[in-house]
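Residue 115 in UniProt numbering sits at position 115 of the sequence shown, and the numbers go up by one each step.
Note that CB positions come from ideal geometry on N, CA and C, so glycine has one too.
Note that the structure is predicted; figures quoted are calculated from it, not measured.
Here's the structure we're looking at; comments come further down.
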Amino acid sequence: MRALSLGADLTVRQRLEKVRKRWRLMLRLGVATSGAYAISTLILGHEQAFFAPVSAVIVLLAGVGLRQRLLLELILGVSLGVLVGEMLILTIGRGVWQLALIVVITLVVATFAGFKGVALTQATNSAVLLAAVVPAAGSSNPATTRFIDALIGGCCALVMVVLLPRNPTRDIDLEVRPLISDLRGILESLARAMRESDAPAAHEALTRARGLQDKVNTALTTAANVREVAAISPMRWRQRPEVERYASVLVDVDNAIRDARVLARRVATMIRLGERPGDDLASAVEELARGIGVFQDHLADPGERARAENRLVEAVRLAMEAMTQEMTLNRAAVAAQIRSLAADVLFAGGMTRDELDVRLSF
1 MRALSLGADL
11 TVRQRLEKVR
21 KRWRLMLRLG
31 VATSGAYAIS
41 TLILGHEQAF
51 FAPVSAVIVL
61 LAGVGLRQRL
71 LLELILGVSL
81 GVLVGEMLIL
91 TIGRGVWQLA
101 LIVVITLVVA
111 TFAGFKGVAL
121 TQATNSAVLL
131 AAVVPAAGSS
141 NPATTRFIDA
151 LIGGCCALVM
161 VVLLPRNPTR
171 DIDLEVRPLI
181 SDLRGILESL
191 ARAMRESDAP
201 AAHEALTRAR
211 GLQDKVNTAL
221 TTAANVREVA
231 AISPMRWRQR
241 PEVERYASVL
251 VDVDNAIRDA
261 RVLARRVATM
271 IRLGERPGDD
281 LASAVEELAR
291 GIGVFQDHLA
301 DPGERARAEN
311 RLVEAVRLAM
321 EAMTQEMTLN
331 RAAVAAQIRS
341 LAADVLFAGG
351 MTRDELDVRL
361 SF
């Protein structure tokens, strides 16, 4: 019943949109499965080339989002499962106890070969499928034949991934922009907490900043994936400079988020100990949030770079002025953290270290 209710709240338009977004996967599957089957049956003359299209399906569906090395491991894992399973079937036959032994031995061999994760799972699945479902092969050497079929299917899938890749710039943009937006929201909340000397609100901002780490890790994985796509796919070679720019931005955004965690923790401690941050430091954090918002626009429109830089530099100036007006250890630490966070975002925008030293020499 739960499975039937999945997506029950989607409209017809939303369902059609989901289908439309999967056109690339559908085309990959259609071409890879039919191509693998044609190569195995029409060119190599294999009978019952079941694992040629099945291997293509496994690699394309189970390998979504995997880096190229892991995708190759998946292809080899499926092929190894077929080879080991077929050799064991030829030796001990089929049956209940044989199936258990085939699964265990395949798992041992795949683990010894160094496979893990999805590749290990699919190696075992291939052996199970072979032992429990697939009919006996008609060839004189079924182990070699089906091993070759599985390799052909995996290679056809890999070719389709290279020839019909996802849009790497769009994929990494969809990861980076929400992170920047979340960072801006956290700083806005923190600025309000500073104005009101609200320790729970400051701690909530800290919790939100800590919660971004999983998103950051996902974005870093996506960045590694799309860099490989842009490097190996001829259709995406033109996007390599843009992908590299986003990957560089992401590293600095990661550093900025770490700075935001330190800033929020320092502010929460400051308020908890009875020291008011004051409106001057709160204004600096507000200006920092506004600068990050403009920087987000700069990703789409490079013409916004100067405006983003001016906002971020102004945030640092306000923080330095606040520190000179009333000097305490906590205020100095908060001001220094604002400067560090602004510097990371300025680096993300393309500013060099020498330029940064000049602009932030307050």
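Subject >> Spatially closest choice to valine 118 from Arg195, Glu73 and Leu80, by CA coordinates >> reply: Residue mapping note: residue 118 aligns to position 118 of the sequence shown, counting from 1. With distances taken between Cα atoms, valine 118 lies closest to Glu73.
**OP:** Mark glutamate 17 as exposed unless 16 or more other C-beta atoms lie within 10 angstroms of its C-beta, in which case mark it buried.
**Re:** Reading the sequence shown from its first residue, position 17 is the one you call residue 17. Exposed, by the Cβ-count rule.
Subject >> For lysine 21 and methionine 160, the rounded distance between their alpha carbons >> reply: For the purposes of this step, residue 160 is identified with residue 160 of the sequence shown, where counting begins at 1. For the purposes of this step, residue 21 is identified with residue 21 of the sequence shown, where counting begins at 1. Rounded to whole angstroms, methionine 160 to lysine 21 spans 17 Å at the Cα level.
Original post:
Mapping DSSP to helix, strand and coil, what is methionine 160?
Top reply: In the sequence shown, residue 160 corresponds to position 160, counting from 1. Methionine 160 falls in the helix class under three-state DSSP.
Original post:
At what residues does the alpha helix (DSSP H) containing glutamine 213 begin and finish?
Top reply: Numbered from its first residue, the sequence shown carries residue 213 at position 213. Glutamine 213 -> alpha helix (DSSP H) spans 213-232.
Original post:
alanine 289 and leucine 187 look like a contact to me (Cβ under 8 Å); what is the Cβ gap, rounded to whole Å?
Top reply: Start at 1 with the first residue of the sequence shown, and residue 289 comes out as number 289. Start at 1 with the first residue of the sequence shown, and residue 187 comes out as number 187. The Cβ separation is near 4 Å, so the contact holds.
Original post:
Buried or exposed: isoleucine 58, going by 16 or more other Cβ atoms within 10 Å of its Cβ?
Top reply: Taking the sequence shown and counting its residues from 1, the one referred to as residue 58 is at position 58. The residue is buried, with at least 16 neighbouring Cβ atoms inside 10 Å.
Subject >> Backbone secondary structure at asparagine 310 - three-state DSSP >> reply: Numbered from its first residue, the sequence shown carries residue 310 at position 310. In the structure shown, asparagine 310 sits in a helix (DSSP, three-state: H, G or I).
**OP:** With a 10 Å radius around its C-beta and 16 neighbouring C-beta atoms as the bar for buried, classify leucine 88 as buried or exposed.
**Re:** Numbered from its first residue, the sequence shown carries residue 88 at position 88. By the neighbour-count rule (16 or more Cβ atoms within 10 Å), leucine 88 is buried.
**OP:** Give a yes or no on contact between the stretch 185-202 and the stretch 239-254, applying the rule of three or more CB pairs nearer than 8 Å.
**Re:** no
Original post:
Terminal residues of the continuous alpha helix (DSSP H) containing isoleucine 43?
Top reply: As a working mapping, residue 43 is identified with position 43 in the sequence shown. Careful: isoleucine 43 lies outside any alpha helix (DSSP H) and carries neither H nor E.
Original post:
Can you give the Cα-Cα distance for leucine 270 and arginine 258, rounded to whole angstroms?
Top reply: Along the sequence shown, read from residue 1 onward, the residue named residue 270 stands at position 270. Along the sequence shown, read from residue 1 onward, the residue named residue 258 stands at position 258. It should be pointed out that residue 270 corresponds to methionine in this sequence rather than to leucine. Going from the Cα of methionine 270 to the Cα of arginine 258 covers about 18 Å.
Original post:
Between which two residues does the alpha helix (DSSP H) carrying serine 361 extend?
Top reply: Translated into positions along the sequence shown, residue 361 becomes position 361. Looking at the DSSP string, serine 361 is not in any alpha helix (DSSP H), and its letter there is neither H nor E.
Subject >> Exposure of threonine 124, with buried meaning 16 or more beta-carbon neighbours within 10 Å >> reply: Position 124 of the sequence shown, counted from the start, is the residue given in the question as residue 124. Buried is the call here.
Original post:
Quick one: Cα of alanine 319 to Cα of isoleucine 338, how far?
Top reply: One-based indexing of the sequence shown puts residue 319 at position 319. One-based indexing of the sequence shown puts residue 338 at position 338. For alanine 319 and isoleucine 338, the distance between alpha carbons rounds to 7 Å.
**OP:** Please confirm whether any heavy atom of the ligand MG lies closer than 7 Å to the CB of glycine 350.
**Re:** The ligand MG is absent from the structure shown, which contains no ligands of any kind.
**OP:** Assign arginine 238 to one of two classes, buried (16 or more other C-beta atoms within 10 Å of its C-beta) or exposed (fewer than that).
**Re:** Here residue 238 corresponds to residue number 238 of the sequence shown, with the count starting at 1. So arginine 238 ends up on the exposed side.
Subject >> Where the alpha helix (DSSP H) containing proline 241 begins and where it ends >> reply: Reading the sequence shown from its first residue, position 241 is the one you call residue 241. Element bounds for proline 241: 240-272.
Original post:
Where does leucine 10 sit, in a helix, a strand or coil, going by DSSP?
Top reply: Position 10 of the sequence shown, counted from the start, is the residue given in the question as residue 10. Three-state result, leucine 10: coil.
**OP:** Going by CA-CA distance only, name the one from Gly93, Val108 and Gly114 that's closest to alanine 132.
**Re:** Residue 132 sits at position 132 when you count from the first residue of the sequence shown. Measuring from the Cα of alanine 132, the nearest candidate turns out to be Gly93.
**OP:** Kindly indicate which residue of Gln14, Cys156 and Ala100 has the alpha-carbon position closest to the one of valine 54.
**Re:** Here residue 54 corresponds to residue number 54 of the sequence shown, with the count starting at 1. Comparing Cα positions, the closest option is Cys156.
Original post:
Can you tell which of Ala127, Leu163 and Ala333 has the C-alpha that lies nearest to the C-alpha of serine 233?
Top reply: In the sequence shown, the residue the question calls residue 233 occupies position 233. Ranking Ala127, Leu163 and Ala333 by Cα distance to serine 233 puts Leu163 first.
Original post:
Are proline 165 and methionine 235 touching if we call contact CB-CB under 8 Å?
Top reply: Indexing the sequence shown from 1 puts residue 165 at position 165. Indexing the sequence shown from 1 puts residue 235 at position 235. Yes, the Cβ-Cβ distance between proline 165 and methionine 235 is below 8 Å.
**OP:** Give the secondary structure of methionine 327 by DSSP, where H, G and I count as helix, E and B as strand, and everything else as coil.
**Re:** Position 327 of the sequence shown, counting from 1, holds the residue named residue 327. Coil, per DSSP.
Original post:
Under three-state DSSP, which class holds glutamate 73?
Top reply: As a working note, residue 73 is residue 73 in the sequence shown. In the structure shown, glutamate 73 sits in a helix (DSSP, three-state: H, G or I).
Original post:
When DSSP labels each residue in this structure, what does leucine 352 get in the three-state scheme?
Top reply: Sequence index remark: in the sequence shown, residue 352 carries index 352 (1-based). Contrary to the premise, residue 352 reads as threonine rather than leucine in this sequence. Three-state result, threonine 352: coil.
Subject >> C-beta contact flag for residue 379 and arginine 265 at 8 Å >> reply: It is not possible to answer for residue 379, since the shown part of the chain is limited to 1 through 362.
Subject >> Inter-residue Cα distance where the pair is residue 363 and glutamate 355 >> reply: The question about residue 363 has no answer here: the residues shown for the chain are numbered 1 through 362.
Original post:
Can you give the beta carbon distance from arginine 307 to glutamate 287, rounded, assuming they're within the 8 Å contact cut?
Top reply: Start at 1 with the first residue of the sequence shown, and residue 307 comes out as number 307. Start at 1 with the first residue of the sequence shown, and residue 287 comes out as number 287. At roughly 12 Å, the Cβ-Cβ gap does not stay under 8 Å, so arginine 307 and glutamate 287 are not in contact.
**OP:** Please report how far the alpha carbon of arginine 261 lies from the alpha carbon of arginine 210, in whole angstroms.
**Re:** For this step, residue 261 is matched to residue 261 along the sequence shown. For this step, residue 210 is matched to residue 210 along the sequence shown. Cα-Cα distance, rounded: 6 Å.
Subject >> Proximity winner among Ala56, Ile39, Thr11 and Met351, relative to leucine 25 (alpha-carbon distances) >> reply: Walking along the sequence shown from the start, residue 25 turns up at place 25. The shortest Cα separation from leucine 25 among Ala56, Ile39, Thr11 and Met351 belongs to Ala56.
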